[in-house]
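Inspection log for the structure reproduced underneath, given as structure tokens.
Protein chains: 6
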Amino acid sequence: MNSELPTPSGSVHWHLGPIIDALRTSRESTHNIRHHGRVRELPSREVLMQVVNGVSAALFPTHYGRPDLNDESIDYFVGDTLHVTLDRLVEQVRRALRFSPQFTDADEGGLAERAQAITRAFAASLPGIRALLVSDVQAAMAGDPAASSVAEIMLCYPGTIAILYHRLAHCLHRLGVPFLARLAADIAHSLTGIDIHPAATIGGSFFIDHGTGVVIGETAVLGERVRLYQAVTLGAKRFPVDASGALVKGTPRHPIVEDDVVIYAGATILGRITVGAGSTIGGNVWLTQSVPPGSNVSQAQMRNT
Amino acid sequence: MNSELPTPSGSVHWHLGPIIDALRTSRESTHNIRHHGRVRELPSREVLMQVVNGVSAALFPTHYGRPDLNDESIDYFVGDTLHVTLDRLVEQVRRALRFSPQFTDADEGGLAERAQAITRAFAASLPGIRALLVSDVQAAMAGDPAASSVAEIMLCYPGTIAILYHRLAHCLHRLGVPFLARLAADIAHSLTGIDIHPAATIGGSFFIDHGTGVVIGETAVLGERVRLYQAVTLGAKRFPVDASGALVKGTPRHPIVEDDVVIYAGATILGRITVGAGSTIGGNVWLTQSVPPGSNVSQAQMRNT
Amino acid sequence: MNSELPTPSGSVHWHLGPIIDALRTSRESTHNIRHHGRVRELPSREVLMQVVNGVSAALFPTHYGRPDLNDESIDYFVGDTLHVTLDRLVEQVRRALRFSPQFTDADEGGLAERAQAITRAFAASLPGIRALLVSDVQAAMAGDPAASSVAEIMLCYPGTIAILYHRLAHCLHRLGVPFLARLAADIAHSLTGIDIHPAATIGGSFFIDHGTGVVIGETAVLGERVRLYQAVTLGAKRFPVDASGALVKGTPRHPIVEDDVVIYAGATILGRITVGAGSTIGGNVWLTQSVPPGSNVSQAQMRNT
Amino acid sequence: MNSELPTPSGSVHWHLGPIIDALRTSRESTHNIRHHGRVRELPSREVLMQVVNGVSAALFPTHYGRPDLNDESIDYFVGDTLHVTLDRLVEQVRRALRFSPQFTDADEGGLAERAQAITRAFAASLPGIRALLVSDVQAAMAGDPAASSVAEIMLCYPGTIAILYHRLAHCLHRLGVPFLARLAADIAHSLTGIDIHPAATIGGSFFIDHGTGVVIGETAVLGERVRLYQAVTLGAKRFPVDASGALVKGTPRHPIVEDDVVIYAGATILGRITVGAGSTIGGNVWLTQSVPPGSNVSQAQMRNT
Amino acid sequence: MNSELPTPSGSVHWHLGPIIDALRTSRESTHNIRHHGRVRELPSREVLMQVVNGVSAALFPTHYGRPDLNDESIDYFVGDTLHVTLDRLVEQVRRALRFSPQFTDADEGGLAERAQAITRAFAASLPGIRALLVSDVQAAMAGDPAASSVAEIMLCYPGTIAILYHRLAHCLHRLGVPFLARLAADIAHSLTGIDIHPAATIGGSFFIDHGTGVVIGETAVLGERVRLYQAVTLGAKRFPVDASGALVKGTPRHPIVEDDVVIYAGATILGRITVGAGSTIGGNVWLTQSVPPGSNVSQAQMRNT
Amino acid sequence: MNSELPTPSGSVHWHLGPIIDALRTSRESTHNIRHHGRVRELPSREVLMQVVNGVSAALFPTHYGRPDLNDESIDYFVGDTLHVTLDRLVEQVRRALRFSPQFTDADEGGLAERAQAITRAFAASLPGIRALLVSDVQAAMAGDPAASSVAEIMLCYPGTIAILYHRLAHCLHRLGVPFLARLAADIAHSLTGIDIHPAATIGGSFFIDHGTGVVIGETAVLGERVRLYQAVTLGAKRFPVDASGALVKGTPRHPIVEDDVVIYAGATILGRITVGAGSTIGGNVWLTQSVPPGSNVSQAQMRNT
């Protein structure tokens, strides 16, 4: 009754007994998703993609939902899509919370309640997120001479997908589900080549062109109307360690990029420095010190031999 | 009867009423895919991928179609695959045309006729495209010491996929469906990390190795036998604005790369400059001025502290 | 009875006769997957992904397999998953071997036997591979201040996926199925933007952060505890040609990176040079000469105009 | 790129040329779905099943839709499900109408308008249909000693499925889409073994137990509270032919079964006869003449040899 | 992002407001799957089919599981399949129990425990069920002159499927989950046209040939080596009602069929009568009185007019 | 990475060890699909359905294939569909042959050759089968007053599906693959409730109306223009046994039905008798003796108590 059989290789023996034993032995030291002897279910990448698709469809029903929606049907669609999506999300939030230190030992009831409160807060944030995303799409339309319609920007720009995922992931991060936020960010990274840490703070009218290789670190802060090109890194210069040599996590170590900054392809900006408002950072620039507002930084010259 | 139920979360209320209202209000200003009160259907990313897969299978039946094809069956396969694929494509062309200014208000009959004419011209271009692709695969075989067979190049090289999509997208662009061409380019970008604008003109025997992060802009022109490595940018230096400050779209602003040029990883070449035939541009080079034929450009030295 | 019909476009004729003829003519010179008049079946990308997923599930059953596994069930799961997976793998190995020169003309029986021997050796390598992967995950946990749990590293880090694929691909390469190894590497490249040639030798406790644009060449050798950031290239400087001008394949031409080296984002290291143990290579550095142990290499300064 | 390859059988030739020719010749006389040289699209069995599933879910959301629905979400679900379902149905109605003599030559606009009017009338009938179905389920609960809950009757009784399909099919028949109605009836027949012609008129509180082999003909009329068991036939005795010997279609030729009649397993009732109110027809009875109200008809005795 | 769009019908309004209102009103009286204001999840037909398929595969691994199993792999397969299947079953048992009067108000913990106990008892019954099924298949091989191999009986006989489902459903019924048992029986009915109530008791070496239309009632008792043909009914003659006129449920009202009885096609046997051991009941016979062992009952003669 | 996880039931232990042991013991006596220690692969029900669907599409391309086919595309479709379908069929024939006594021990090469010869002969029979099926559809159109178009008969009549499967199954039976033929017959039985043994011989212009419960035995012979209604049995009266009491298989034991016979619902005709040309057999008739041409047989009367 199973129709997906592998092509049978007859009676080949793989001598698996000792391999299975060795793997069992190897597992003993790494049973890290068990806690007090019970497994913690992991959030599901597939379901989280469905959640992001569902939210996208609710935010932009005719672009990401169903093009045949009209005045009569659109609110039914939005309502039903949000319900299904939030029912899916709350379960993922519940799973992810179990990996947060403060919920590792929480009772099931308290955990479920917390997951619902977070999901409800996420839902309430959606109109605000939509407004930000509209500003982002308008920034793309204004900033790319190759863009010919809003529909093209919503369907064909990896930057649009990356920002959409980021704004949702950032909301989840802010609401206290960093694991789920990180998973959403990684999905976007895999789809677009753009890697934005969900904790990064990014203002409205944000535009990333091409985008492959962009990295924006955990504590980066970007103002309004920032524009980035491919392969821009907003990273950390060094990682502070404590007295025992262990990494100190969460301290500000990524750049602050003020309003109206443009950063061209391949620029690398490292450390808790500030790029002043209205500055332009040239392609391939390597920058580890703050620059004042209105700066225009470019790379050293090449030589032609 | 629906087997894909979400895990039910009992009787949770999400307080959606005000959220749905807020989203409705937010949508009012952005109903941009409606025109004269009716929605314009968007092209489908999934169907376009099926179209590219179908064309690939028709062009290279034993590699991308079915390996069991033989003299008796291959033309039936090619014929049937092309028919199904062109029937799918014509519908996507029709949808995309509706977003071109000259067809926004076209009557349905005229639009359908135009879509058919474009699709028929696309079909007629396929033998020529196949010849170009064969030259590209041969260039990879000749240019990469790690390549051991043509099959490996066709199955395992992201550059092959990127060029395949580009040659098809460029044809669609040239035939007057830029939206669809852009969508095809974005699919290739997501699959390979290589971002080639469909309007870019690229000669035969083109080879991109590794490829992640390559960006080739809208008005770039590449000659015969050009070879690129990962993270090469052929971009614009600045965007001309008109008297009112709006971007001027479509003007030549990306490089011309003449025949037999090699550009190594991470090089950034910006503006309407010319890289003369037979030149070699070194890795990470930043180039904004034309170089004569036979140039050999490399980066400034590092210092070891 | 076929439910996936394309939208019918009525009775459109595409004038395919001459196109099909032209494609047939074009195919005649490129029938390269035929050998002595018979087609060689190509390995399947989809099946190879299933194989990697199956192996991952057998190695880390609760993370990549099924979270509900317990003491009673886990070994049944591992055993059954390995059997299904190895039965799938042996067929792919058989197909891939046919493209190796020494097996192009092998009889079916000998080929099948060889495929089984390779698959059995692959299975026997799995406990060792698991130990390496555990060291890699621990290196990520230790090296990234943003990482908060092992589960997060296993689910949300592209570097984890890239290394998992690489360790399996490298094993297949070493066992004599380079084509299959290359295909696995390309899948990882498409998923993560990280391009590691399967022949590259990489020691334990390896960590790649962010990763997009990383390229590691065929003959590269990396020691223990190496850490890379996005867009690092470990490439070849030039390709040796033989007397007739043809590429000489397989000679050592990529860097040796010794133990405990850190290489920051965008660094490009080319040629058969050695980066001495404990060195730090700064971001965007362009390096084509060996550096002694303990070196600290950084890029030239930018100028602010 | 096609992952569902059949197992290749190498280079087998099937000598198809003459077979394809013979099939083409054979087709020439039977091109009956073409009209004036263009094909009429057939309604889709799969889509019609989706339509029935969608309507079922809208009528009984927690049984046939999603069990997690609550006061907040249920009307969004019903509204969205109806919209999607009616959008699907209107296309099937349009296709089916093309096979009705009066629409064979209709212009596209008129056809589309008619299909919309029919679909809108179908939607308006749904509350009435729901009330009938509720009476049917209650009749099953009252009439079967083995029934233990309404949920069991809705999920596990083939009679429930058959009546559900019939009430929808009958509505479509009455609204002028007999082809689509017949297709729905055939789907129910395949699922349940119960064959009810969509034109048959059936009152409320109808119950079929077991059901396999039940046949109810085109012009049958059943009153309120009728109960049937498996293998009951309500058929025609003979088919009237006209002067030329051709069948006269549509004349009343099946039984009238009045209120409160019970017909046991295997009974065969043929011709335009009347089974009077409150009668009981025994198992395996063969009845071709009317019986007055309150009759109790049973079979002749068996003999034991 | 949703690829399964219905064909858009433009801006058709279906006037759904009043219909949705009417359906809401209609639902108020029939919210029968809610209990104390919360919905009881229904068992899933699809999951139950997966459970039966899983059990079948565990019982007959090479016929219903995977043909490539060998000495090394078969127990891993059986163990893993049982685990997955029992994990699925326990959830369905839990849902079904909620519909049993004694568990309607049970606390979640007690319900889960009961579901586990039942599932564990079901698992323990499997070897005994397998032995019975083997006897059934052997009876088919011995009793049908058209049968040519055991494989044919296991793959091509609807009677085999019906008995397989019945033996599992009967076990579930006996263990106290009648709702789930009934659902399994209905699935078998839909697949085969054979309708066996899960409470019916059936001895070993049971064979049903052809089978369409067979009905075996709730309290029927069949001995060893019984053979039935198509359209045989073992039904109730009348339904006892209590003083208030309500049906009395569960009383013995179907036949007892002793060992070694053969009942030919279309025979109808009704009421709590006994068919003595070794009897033969002819086709189409209508029997409502007990017959002694060794009887040979046949139908009255036909007349040829 | 597996997205279809069952709902985890935590750490439930099912105590499977002894169950798995008992099942292993139970299997030892029934390893009947092994022969000389190796498993014989079973034909696949799913693939055989694909084969029948493929053949149907090749025979009636616009009804069962794709409605958009036109003069240009139809032969490509037929050719490609036949190739794919025959490649699938030959593998199923190969598997089925292994269960025929004369091929149980055949070498792989001989078996493959035989499978190819059979498949090629099957292909050559298709034009003849199409002609028969056209006559069957015309018989339905002429014989059912409720039929309104050929399309309706091809899409909505279970008899059409049953005859289509039978004509293909009979061809496979005649060519020497009885196991595969039987599997096809059982698929049709499950879809339609009509059970025709593939060995039965049936002339052209055959029509079955309603059909549920029809059984036609292995050695039955039906002439031209025969018409059957639901629940008709053409069965065996008794099964001859040999001296040792074992069933004698394959001897003629089912009826011969001559040309132009009509048999009404529920009639049971048993044994190697002849129903003379032009006879009419009434509903529910039980017939075990030959009747001359032109007979009109009907049932005894009922009594009304």
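Protein chains in written order, with the numbering used here: chain A, 1 to 305; chain B, 1 to 305; chain C, 1 to 305; chain D, 1 to 305; chain E, 1 to 305; chain F, 1 to 305. C-beta: ideal position from N, C-alpha, C; glycine also.
For a contact meaning CB atoms closer than 9 Å, what does residue i contact in chain E?
i: A/His-166; result: Going along chain E, no residue has its Cβ under 9 Å from A/His-166, so there is no contact; the nearest lies around 17 Å.
Going along chain F, which residues have a C-beta under 8 Å from residue i?
i: B/Ser-73; result: Gly-79, Asp-80 and His-83
i: C/Leu-234; result: In chain order: nothing, as chain F lies at least about 28 Å away.
Going along chain E, which residues have a C-beta under 8 Å from residue i?
i: D/Leu-48; result: Ordered by position in chain E, no residue passes the 8 Å Cβ test against D/Leu-48, which lies about 13 Å from the chain.
i: C/Asp-105; result: Near C/Asp-105 there are no residues of chain E at all, since even the closest Cβ is about 28 Å away, more than 8 Å.
For residue i, count neighbouring Cβ atoms within 10 angstroms of its own Cβ and tell me buried if that reaches 16, exposed if not.
i: D/Asp-186; result: buried
i: D/Gln-102; result: exposed
i: C/Ile-19; result: buried
i: B/Arg-238; result: exposed
i: F/Gly-294; result: exposed
i: E/Glu-113; result: exposed
i: D/Asp-21; result: exposed
i: E/Ala-246; result: exposed
i: C/Thr-7; result: The pLDDT assigned to C/Thr-7 is 40, lower than 50, so where the model puts this residue is not dependable; a value taken from the coordinates is nonetheless given after this. C/Thr-7 comes out exposed.
i: B/Val-248; result: exposed
Quick one, which of the options has its alpha-carbon nearest residue i's?
i: A/Ala-188; options: A/Gly-159, A/Ala-57, A/Met-154 and A/Ile-202; result: A/Gly-159
i: C/Ala-123; options: A/Asp-75, A/Trp-14, A/Met-154 and A/Gln-230; result: A/Trp-14
i: D/Asp-242; options: D/Thr-251, D/Leu-234 and D/Ala-236; result: D/Thr-251
i: C/Leu-126; options: A/Ala-131, A/Gly-17 and A/Gly-283; result: A/Gly-17
i: C/Leu-133; options: C/Ala-147, C/Ala-117, C/Ile-153 and C/Ser-148; result: C/Ile-153
i: F/Ser-149; options: D/Arg-120, D/Gln-230, D/Ala-96 and D/Arg-66; result: D/Ala-96
Name the chain D residues that come within less than 8 Å of residue i, Cβ to Cβ?
i: B/Leu-306; result: The structure shown does not extend to residue 306 of chain B, since chain B spans only 1 to 305, so no value can be given for it.
Counting only Cβ pairs nearer than 7 Å, list the residues of chain F close to residue i.
i: B/Tyr-76; result: Tyr-76, Gly-79, Asp-80 and His-83
Tell me the residue span of the alpha helix (DSSP H) that contains residue i.
i: A/Thr-192; result: 178–192
i: F/Leu-234; result: Note, F/Leu-234: premise wrong, no alpha helix (DSSP H); beta strand (DSSP E) at 233–235.
i: D/Val-241; result: Segment: none, D/Val-241 is in no alpha helix (DSSP H) and carries neither H nor E.
Just curious, the beta strand (DSSP E) that residue i is in, first and last residue?
i: E/Ile-269; result: 268–270
i: F/Val-297; result: 296–298
i: F/Leu-69; result: That residue, F/Leu-69, is in no beta strand (DSSP E); it is neither H nor E in DSSP.
Using the beta-carbon of each residue, which ones in chain B are nearer than 9 Å to residue i?
i: D/Leu-222; result: None at all; the shortest Cβ gap to chain B is about 26 Å.
Chain B partners of residue i, CB-CB under 7 Å?
i: A/Arg-130; result: Leu-23 and Ser-26
Examine the Cβ distances between the segment 251–261 of chain D and the segment 218–234 of chain D and report whether three or more of them are shorter than 8 Å.
yes
Between the segment 164–175 of chain B and the segment 191–208 of chain C, are three or more C-beta pairs nearer than 8 Å?
With the rule of 3 Cβ pairs closer than 8 Å, the segment 164–175 of chain B does not count as touching the segment 191–208 of chain C.
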